[in-house]
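Here's what the structure looks like:
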């Protein structure tokens, strides 16, 4: 963020006047690059969320839902048998996988559903990759009596068929998107088109910390409860702050949620883990921080995988939730300022870490979260036995059983158990 110049300080001709802070900007990133038809809706949303976040009726109702519906606070679980493979460093998991609907996504969705009602709108739309955001949106819509439509790339509907069924059982209309790479990027495109057409009665419940202002800031704020709880819990458990906080990064919502409270703690490393896919040298990956240049996608400036003509490149990951060519603009700013580090894990490293946590601790993580676990194994060996690592386990792996069973050869080509 750009600091305001004190009024007593006058710039000289040699000193250019610094630009004032711009809402929705994180350094050079963020902003609002949208069709004019969406500007009133974004301004209405920004005004509504700012008023709501100062209104005790809203914050008390959200807190009540988190206690009685989401199941907050989520717990910490120490995983010593897994940690034995990470150089003996102490590893603690923040268990967002235990939330109602099985991931961190419900934190943001319940808040946006309350905003939808406050704005007098009757319909929510959403995009989803791994299906967790879609399930959370369908759940909140059912709870509050709202219509719900979820856009999902056809490729993702096939590898996340169970979550598609969950959304439909909850009453949502799920629309497979056939064009482009038929993954998350294309689902967001379709949701944006729907919103432009139906903005009068529809709220777009964007699921991550990207998109036009105010989404990156608003979604981060609705997820910061993860870091607030985790910081207090790890202090109580270990008597000190962790050496590092590790989280997977697709758009980056779970990572911003747990990072935000630790940003002022200079001694705590913040480590985001992207999808290395088949390896960055193959071009089949989603490691934006390692390979991409700044560009605009879905209404925001951030790192973007693009060709030399500026066309968005297709991505690959074993995890549908990380299969996205851009990243939240605040992550780009944290990367450029050196406050956060970004690594990547290949599909093979991810699946090895996934199986290791299953077999050493009896916890089946989402494949997204397994990226953070894979990086934790390397980080623990760097830190040694005195290290303390906090990992955000952002979701559970039920939805990924088909992918995992195929990867490990537990089913044949027809899906029958071997």
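Numbering (UniProt numbering), first residue to last: 1 to 418.
Every residue gets a Cβ at the ideal spot worked out from N, C-alpha and C, and that includes glycine.
Bear in mind the structure is a predicted one, so any value in this text is a computation, not a measurement.
The beta strand (DSSP E) runs of length 3 or more contained entirely in the stretch 47-125 are, from start to end of the chain, 76-78 and 90-95. Annotated three-state conformation of residue 302 is strand, per DSSP. Using a Cβ distance threshold of 8 Å, residue 105 and residue 66 do not count as a contacting pair. Remark: C-beta atoms of residue 245 and residue 222 do not approach each other more closely than 8 Å.
With respect to residue 284, residue 278 sits close: the two C-beta atoms are nearer than 8 Å. With a cutoff of 8 Å on beta-carbon distance, residue 204 and residue 175 are scored as not near each other. By the 16-neighbour rule on beta-carbons within 10 angstroms, residue 156 is buried. Nearest neighbour of residue 84 by Cα position, chosen from 147, 399, 396 and 380, turns out to be 380. Separation of residue 286 and residue 137 (C-alpha to C-alpha, rounded to the nearest whole angstrom) is 25 Å. Under DSSP, residue 127 takes part in a beta bridge, and its partners are 151. According to DSSP, residue 330 shares a beta bridge with no other residue. Just measuring C-alpha positions, the residue of 219, 256 and 317 sitting nearest residue 50 is 219.
The Cβ atoms of residue 325 and residue 288 sit closer than 8 Å to each other.
When the alpha-carbon of residue 273 is set against those of 314, 292 and 346, the nearest one is in 346. Nearest Cα to residue 196 within the set 37, 167, 363 and 98: 37.
Judged by pairs of C-beta atoms under 8 Å, the stretch 322-336 does not touch the stretch 378-396, as fewer than three such pairs exist. In this structure, DSSP gives residue 282 a helical state, which the three-state scheme calls helix. A distance below 8 Å separates the beta carbons of residue 48 and residue 115. By the Cβ neighbour-count rule, residue 333 is buried, with 16 or more other Cβ atoms within 10 Å of its own. Secondary-structure assignment with DSSP links residue 388 through a beta bridge to 90. Note that the C-beta distance between residue 147 and residue 168 is not below 8 Å.
Secondary structure at residue 270: strand, using DSSP grouped into helix, strand and coil.
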